[in-house]
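Novice: Structure incoming, see below.
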Amino acid sequence: MATIQVVPEKEFQSLSQWQLMKRRFFQHKLAVAAMVVLILFYATAIFCEFIAPYKTTTRNSRYLYAPPQRIRFIDNEGNFSLRPFVYGYKKERDPVTWQEVYTPDPDLKLPIYFFVKGEPYRLFGLFDCDIHLFGIDRSPSEQMLFLLGSDELGRDLFSRVVYGTRISLSIGLIGVFLSLALGLILGGISAIFGGAVDFVIQRIIEIILSIPQIPLWMALSAALPASWSPLQIYFAITVVLSLVTWTNVARIARGKFLSIKESDFVSAARSMGASEWWNITRHLIPNFMSYILVQITLGIPGMILGETSLSFLGVGLRAPIVSWGVLLQQAQKMQVVAMRPWLLLPAAFVVLAVLSFNFVGDGLRDAADPHS
Amino acid sequence: MTGYIIRRILFLIPTVLVISIIAFILMELPPGDFLTSYILQLESSGAQVSEAQIAALRARYGLDEPAYKRYFLWISGIVTRGDFGRSWNWNRPVVELIIERLPYTLVVSLVTMTFQYLVAIPIGIYSAVKRHSLFDYTFTTIGFLGLSVPSFILALILMFFAYTTFGTSIGGLFSAAYREAPWSFAKFVDLLKHIWIPMVVTGMSGSASLIRIMRGVMLDELGKDYIRTARSKGLRERVVIVKHAVRIAINPILSSVTWVLPQVISGGAITAIVLNLPTLGPLLLQSLITQDMFVAGGIILLLSTLTVIGSFISDLLLAWADPRITYD
Amino acid sequence: MHNRKTFVVLSLVVLSLLLFSGVGVFAGESPMLRERVERGELPPLEERLPKEPLVVEPRETIGKYGGTLYAPVESMQGSGNDVFLMGPLVSFALPRPEDQMLLPNFAKEIESNEDATAWTITFREGVKWSDGHPFTVDDILFWYEAIYLNDELTSEAAEPWIVKGQVAKIDKIDDFTLRFTYPEPMPFFKNYLVTASYTILFPSHYLKQFHPNYTSEEELKKIMEAEGFDTWVDLFEYKSTSHWGIPMVEDLPTLAAYRLVSRSASRRVYERNPYYWKVDTEGNQLPYIDTIVGLYVSDQQMISGMVMSGEIDFADRVGLENYPLYQQYKEQGGYETYLYNIGRGAQMVFMINRTVEDDVLREIFQNPTFAQALSLAIDRDEINEVFYFGLAQPRQYTVLDTSQYFEPEFATAYAEFDPDRANAMLDSMGLDKRDSQGFRLRPDGQRLGFTIQMYERSDLSIAKVEIVMGYWRDHLGIDVRLQQISPELQEVRAPANQMEATIWAGDKSTDILFPVGNNLIIPKEPRWDESVWPKWGLWFNTNGADGWEPPEHVKQVRAWYDQMLVEPDEQKRIELGKNILRVQAEYLWQIGNVGNVPELMIFNAKLRNLPDPAVTVRAWDTGLYSATHPEQIFFDD
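Chains as they are written, first to last, in this note's numbering: chain F, 1 to 372; chain L, 1 to 328; chain S, 1 to 637.
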């Protein structure tokens with residue numbers, strides 16, 4: 001690795017650094033796997049109408065609080081079928097607790113079809129469509145497919161999680177870009193101008209950092225006008241989340257800027273009479289790219305968790321918007337924890353997404369930083 | 001060194017002042033004011049409140065004054081008399097409310113922080129020394145997992161788990177039997193039975209980043225020349241690591257108090273709401289929702305000031321521990 | 001008349017006790033109090049009880065003294081479960097839901113003249129405040145002079161003390177008798193007493209020290225400084241804070257069964273009032289339980305946890321949907337579950353704003369056919385199964401079946417599930433055009449839809465609204481949207497006419513509150529729970545100066561109501577009430593989901609003499625549990 005760093009050509013160095021980064025990243029097996037998971041997640045977010053077998057509002061009042069169905073290939077008689085299937089449910093009520101008790105009904109074999117005709121939807125708001133990735137044939141009985149179980153209204157939790165992916169993952173993305181933009185601009189200004197400007201910005205950062213994040217988020221989101229539409233609230237929440245997190249970016253950005261400013265090749269460029277702007281665009285920014293990438297991937301998990309926390313506290317997104325946080329907020333009941341634990345499954349998606357972002361970020365950091 | 005300390009202290013004052021302004025703005029931001037929710041509460045229990053009464057109440061609480069005047073009244077009360085205002089929601093001075101809950105907030109926070117460092121420092125060191133070992137990977141993964149689980153869900157599940165397996169009461173810091181009892185060993189044990197949940201839940205997320213920092217710094221130090229020199233002098237590995245590497249590597253950990261403290265208080269707030277702990281977090285949330293502005297403002301101001309002082313102390317510690325830092 | 005008879009009998013019981021038990025007339029008191037008597041800190045029981053204490057016949061058995069009852073409290077200033085249980089115990093009269101009767105309580109007798117323009121209240125002689133100071137009607141006159149007539153103090157006083165902006169004429173007959181005189185008949189005077197008595201009861205001997213009428217300015221200044229108040233009004237209001245006559249501050253003397261002794265951020269402790277004026281049939285002073293502790297909970301869900309781990313002894317209205325959970329953990333938590341009637345004509349009502357700003361929408365909403373179609377599209381049987389285990393009664397919002405104003409057709413009005421008919425009705429309104437997605441179009445070509453704004457409470461949950469939105473969307477093709485707002489915003493927006501639709505609890509349906517307090521189907525004033533016609537309410541409230549003039553049939557409802565309030569003849573009153581309800585059944589101001597939903601309450605399994613689930617109606621109207629004399633509840637070991 002050290003041999004590559006002594007290559008004198010600067011343009012070449014920045015190029016080869018990308019290639020090098022890529023190579024190093026792909027050596028990091030966990031990070032690559034996490035990357036695949038994230039790609040799947042975002043594909044889900046984009047095509048959620050197609051992937052979810054049902055709409056978020058479709059319900060079946062015969063199957064309230066139904067536990068997840070097991071996907072089977074072998075039926076109770078030991079027959080194997082290549083086509084996966086689930087058993088429908090028989091429902092009874094416990095005479096003492098009145099709780100609904102579901103038992104798989106071996107007479108009700110529900111095969112799962114792929115690219116099945118289902119509820120109509122409009123993809124991207126443009127194309128009318130009714131093909132879903134998978135599903136069961138609904139017509140013979142009032143059965144539904146509950147891969148992750150159903151909620152208090154008999155709605156399919158899996159479909160709701162799929163739709164929630166769109167909101168929860170995009171909030172992280174938009175929020176991170178906002179905080180990145182803020183952080184880079186203010187951190188950059190701080191480093192380039194120095195002096196009083198630097199001083200003021202640094203103090204602002206210190207103060208914001210000293211206010212505990214969750215209470216600050218709580219206060220800011222509690223202050224959102226309740227008259228706002230869900231869409232406005234959604235964007236406001238991303239802004240709230242990024243208003244706090246930009247400070248980290250700015251701090252590190254300033255340090256990076258300073259170190260590059262002092263470094264040889266920029267002073268060389270300056271001595272050659274290049275304008276400041278040229279400096280920034282040609283040298284600082286390319287040098288930054290890898291770092292920015294790392295910051296994005298490491299910033300998103302915080303945003304996703306932030307969204308869930310705010311929804312949970314009742315000051316973030318609210319039903320009928322479906323986000324992971326909203327789903328968890330609705331599951332935050334003793335009754336759910338004690339008797340309907342599958343409604344906590346959205347948490348598993350949060351964990352998986354956050355974990356993946358962290359692994360990818362970690363992999364990118366290792367790849368970008370040759371010292372590691 | 002003295003000059004440095006004085007300069008840092010002088011610095012604290014404008015910082016806290018700005019924080020107080022931010023806290024006040026946060027208090028003022030929500031639409032409406034506490035009167036609306038107060039009236040709602042009155043009416044929901046059968047009382048009728050007329051428009052004239054509402055107007056009179058508004059005037060009485062100074063809600064018609066301009067914001068800067070109210071800020072000045074608020075902050076001067078705090079500075080001159082230690083008067084944080086009155087909570088209409090609890091019908092008591094805010095100071096009393098905060099003082100009642102502050103000790104538990106500090107105890108839970110300190111216990112959590114201690115837990116974090118006790119877990120993170122040894123694991124970080126060991127992970128660095130045994131880099132790329134199974135141990136290293138396991139703890140990296142566990143650390144990340146801790147970072148990824150939403151704390152409120154974890155708290156909820158642990159609480160229920162403790163209830164079903166150990167019969168621990170759900171929520172709070174004490175069981176019913178010890179809630180009013182004077183301090184005794186049994187009460188202390190009862191506290192331990194409850195406090196581990198917030199400790200683990202809040203501590204989990206913080207530990208992960210601390211482990212990574214500790215591991216990173218240790219790796220840096222272990223790669224440096226003086227370690228090589230020490231090793232070549234034939235010192236035992238344990239001595240090299242503990243006496244040399246760790247001593248230097250501990251400094252960034254000390255400075256991490258600056259951000260760990262706000263994080264613990266912040267994360268602790270959510271956990272405390274789930275667990276119904278007698279700390280400031282639940283009080284803050286409730287006051288924000290009911291717009292009990294003096295309580296909300298007071299708590300935000302206090303928590304922020306605490307963290308500023310906390311980081312000030314950690315800076316001093318760092319200055320004292322690391323001789324390489326200059327105080328100009 | 002019946003009341004008086006009961007009363008005579010009860011008095012006789014006491015009298016005979018007096019005669020036959022010799023010296024130990026007053027058989028018992030709590031050991032906690034006896035100790036204090038022995039130490040000389042408290043006068044003996046017979047000096048503490050009034051001449052004629054109210055005798056309560058225990059529901060099961062004579063109880064045992066002692067114990068501490070824990071109950072959750074969500075707001076330390078407001079009422080909580082602790083206060084719920086103590087109820088408005090100082091109500092002058094108590095309703096008995098099973099036979100629509102009002103029984104004397106704090107007042108010994110309440111009588112009116114022929115045309116109900118003058119009401120005489122006779123109080124028990126020798127009742128004492130919790131600090132031992134005797135109560136006389138001067139305490140009520142203190143309210144009138146020092147609080148009501150004082151411009152700076154805002155009191156909670158409401159109807160019937162103040163009618164049409166005027167305070168009734170109050171005359172002191174003697175120390176224990178007061179007469180309220182009105183310019184017009186007040187047939188519903190007693191109805192008001194159930195929930196409003198506490199608004200005029202203030203311990204004058206204690207509060208005078210905080211009032212400028214009785215205390216010099218310097219003295220007041222000193223107290224204000226010591227207590228940290230800027231104005232005497234703040235000081236006075238603080239010192240007199242109570243809820244339903246139950247003190248919310250320490251030191252405030254009370255007539256209720258418990259007095260507040262301490263308060264912290266996590267709890268408030270109530271201790272028995274040593275001077276309480278009720279005894280059981282053996283002459284034991286009530287209450288049986290010594291201490292009630294309200295434990296602060298930051299979150300509704302936490303109450304479930306505390307119940308399950310047996311940390312609280314009483315939890316009010318924990319949600320029928322949680323029944324399986326509570327049944328499951330009964331053993332571990334040592335509690336029992338009870339289902340009580342909460343006296344609601346409908347668990348939840350949907351209000352379509354008839355004075356909505358949008359012209360097109362308003363015309364549609366004002367057409368009664370629209371509300372009727374909405375109601376017909378609601379599958380009440382399904383709602384009953386999904387949320388209420390089939391225990392509720394699918395019915396329209398109206399008074400309870402037991403009410404004297406009730407007619408069966410009020411409850412069945414448009415309450416059947418008939419989406420075809422609903423669709424035909426909407427088509428007939430000219431709303432028969434649909435867009436490509438199947439939604440109906442308004443006459444101006446826009447998609448037909450409206451937004452329900454609501455804030456979520458445990459009994460009015462999002463899911464219960466979402467299911468109805470689904471009916472309207474799927475069966476009728478109406479684009480209903482939902483927006484969650486804060487309670488504060490509900491308070492602001494409803495009167496400001498900023499809601500297209502909202503929801504509320506379908507209460508005020510008993511004979512106590514329907515005639516005097518039902519603003520759900522009678523336009524009164526723009527209020528946060530009167531969101532069905534804010535502009536009409538404003539018009540009535542300002543006598544036509546502001547707001548919009550309502551149509552004739554609405555004016556007629558209000559006229560009937562105004563007439564009913566002053567109509568001395570009972571039969572005529574009932575007819576007027578039925579007229580009002582008939583209009584509701586046709587215009588469906590309130591579209592109800594299901595009614596008579598039982599509510600789930602939790603009591604410690606060791607508690608006895610609990611309110612009888614068969615007859616108790618736990619509603620605001622009936623003073624929650626107070627009609628069942630909850631002072632008789634005790635811990636049985």
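Cβ coordinates follow ideal geometry from the N, Cα and C atoms, glycine included.
Given that F/Ser179 touches chain L, what residues does it touch there, using C-beta distances under 8 Å?
Specialist: Ordered by position in chain L, no residue passes the 8 Å Cβ test against F/Ser179, which lies about 16 Å from the chain.
Novice: Can you list, in chain order, the residues of the segment 318-329 of chain F whose Cβ is nearer than 7 Å to any Cβ on chain B?
Specialist: Any reference to chain B falls outside this structure, whose protein chains are F, L and S.
Novice: F/Val354 CB to nearest chain L CB: under 8 Å?
Specialist: yes
Novice: Quick check: what's the CA-CA separation for S/Ile571 versus S/Leu85?
Specialist: Sequence inspection shows Gln at residue 571 of chain S; the Ile mentioned does not correspond to that position. Going by the C-alpha atoms only, they are around 36 Å apart.
Novice: Report the rounded CA-to-CA distance for S/Asn341 versus S/Glu321, giving the unit in angstroms.
Specialist: 15 Å
Novice: To the nearest whole angstrom, what separates the beta carbons of S/Trp504 and S/Leu374, a pair I think is in contact under 8 Å?
Specialist: In fact, because the Cβ distance is near 16 Å, the residues do not count as touching under 8 Å.
Novice: Consider the Cβ of S/Met76: report whether some Cβ of chain L lies at a distance smaller than 8 Å.
Specialist: yes
Novice: Just mark L/Arg238 as buried or exposed, buried being the case when its beta carbon has 16 or more other beta carbons within 10 Å.
Specialist: exposed
Novice: With a threshold of 6 Å on Cβ separation, who are the neighbours of L/Tyr71 within its own chain once the five nearest residues in sequence on each side are excluded?
Specialist: Closer than 6 Å at the Cβ level, and outside the excluded window around L/Tyr71, lie Phe24.
Novice: Thinking C-beta only, is L/Ile123 closer than 8 Å to L/Ile211?
Specialist: yes
Novice: Taking the straight line between their C-alpha atoms, what separation do you get for S/Trp232 and S/Asp251?
Specialist: 18 Å
Novice: Compare the C-beta of L/Phe330 against all C-beta atoms of chain F and say whether one is closer than 8 Å.
Specialist: An answer regarding residue 330 of chain L cannot be provided, because it is not within the stretch 1 to 328 covered by chain L.
Novice: Measure the C-alpha to C-alpha separation of F/Lys91 and F/Val101 and round it to an integer number of angstroms.
Specialist: 6 Å
Novice: Closest to F/Asn248 by CA distance: which of F/Ala219, F/Leu298 and F/Val200 is it?
Specialist: Cα-wise, what sits closest to F/Asn248 is F/Leu298.
Novice: In chain order, what residues of the same chain lie with their CB nearer than 8 Å to the CB of S/Phe236, ignoring the 5 residues before and after it?
Specialist: Leu153, Leu207, Phe210 and His211
Novice: Give the straight-line distance between the Cα atoms of S/Phe389 and S/Arg380, rounded to the nearest whole angstrom.
Specialist: 12 Å
Novice: Quickly, what does DSSP pair L/Val239 with across the bridge? List them, please.
Specialist: Answer is none; L/Val239 lacks a bridge partner.
Novice: Report the rounded CA-to-CA distance for S/Lys222 versus S/Ile173, giving the unit in angstroms.
Specialist: 38 Å
Novice: Going along chain L, which residues have a C-beta under 9 Å from S/Gly577?
Specialist: Going along chain L, no residue has its Cβ under 9 Å from S/Gly577, so there is no contact; the nearest lies around 21 Å.
Novice: Once the 5 residues before and after S/Ser403 are set aside, which same chain residues still bring their CB inside 6 Å of it?
Specialist: Asp511
Novice: Using the three-state DSSP reduction, which class does F/Gly299 fall into: helix, strand or coil?
Specialist: helix
Novice: Listed in chain order, which residues of the segment 183-217 of chain F have Cβ atoms closer than 9 Å to some Cβ of chain L?
Specialist: Here the close residues are Arg203, Ile204, Glu206, Ile207, Ile208, Leu209, Ser210, Ile211, Pro212, Gln213, Ile214, Pro215, Leu216 and Trp217.
Novice: At a CB-CB cut-off below 8 Å, which residues of chain F make contact with L/Ala296?
Specialist: Ala219
Novice: Mind listing, in chain order, the continuous beta strand (DSSP E) runs of no fewer than 3 residues lying wholly within the segment 62-133 of chain F?
Specialist: 72-74, 80-93 and 100-123
Novice: Taking the alpha-carbon positions, what's the F/Ile171 to S/Pro551 distance?
Specialist: Distance from the CA of F/Ile171 to the CA of S/Pro551, rounded to the nearest whole angstrom, comes to 49 Å.
Novice: Output yes if chain S places a C-beta closer than 8 Å to the C-beta of F/Ser311; else output no.
Specialist: no
Novice: Check the C-beta distance from S/Ile378 over to S/Val468 and give it rounded, since I have them as a contact under 8 Å.
Specialist: 6 Å
Novice: Can you check whether the CB of S/Ala168 is closer than 8 Å to the CB of S/Tyr182?
Specialist: Result yes, Cβ atoms of S/Tyr182 and S/Ala168 sit closer than 8 Å.
Novice: Output the distance between the C-alpha atoms of S/Phe26 and F/Gln329, rounded to the nearest integer angstrom.
Specialist: At S/Phe26 the pLDDT is 49, less than 50, meaning the model places this residue with poor confidence; the figure from the coordinates comes in the next sentence. Cα to Cα, S/Phe26 sits roughly 55 Å from F/Gln329.
Novice: For L/Trp88 versus L/Leu97, is the C-beta distance shorter than 8 Å?
Specialist: no
Novice: From the DSSP output, in three-state form, read off S/Trp504 for me.
Specialist: strand
Novice: For S/Tyr148 and S/Met601, what's the separation of their Cα atoms in angstroms?
Specialist: When rounded, the distance between both Cα atoms is 38 Å.
Novice: Among S/Gly449, S/Lys464 and S/Phe450, which has the Cα closest to the Cα of S/Glu456?
Specialist: S/Lys464
Novice: Scan the segment 81-115 of chain L for residues whose Cβ lies nearer than 8 Å to a Cβ of chain F and list them as they occur along the chain.
Specialist: none
Novice: I need the straight-line Cα distance from S/Ser112 to S/Phe514, nearest angstrom please.
Specialist: 21 Å
Novice: Could you tell me which chain S residues have their CB closer than 8 Å to the CB of F/Gln143, listed as they occur along the chain?
Specialist: Within 8 Å Cβ-Cβ: nothing; F/Gln143 doesn't reach chain S, min ~18 Å.
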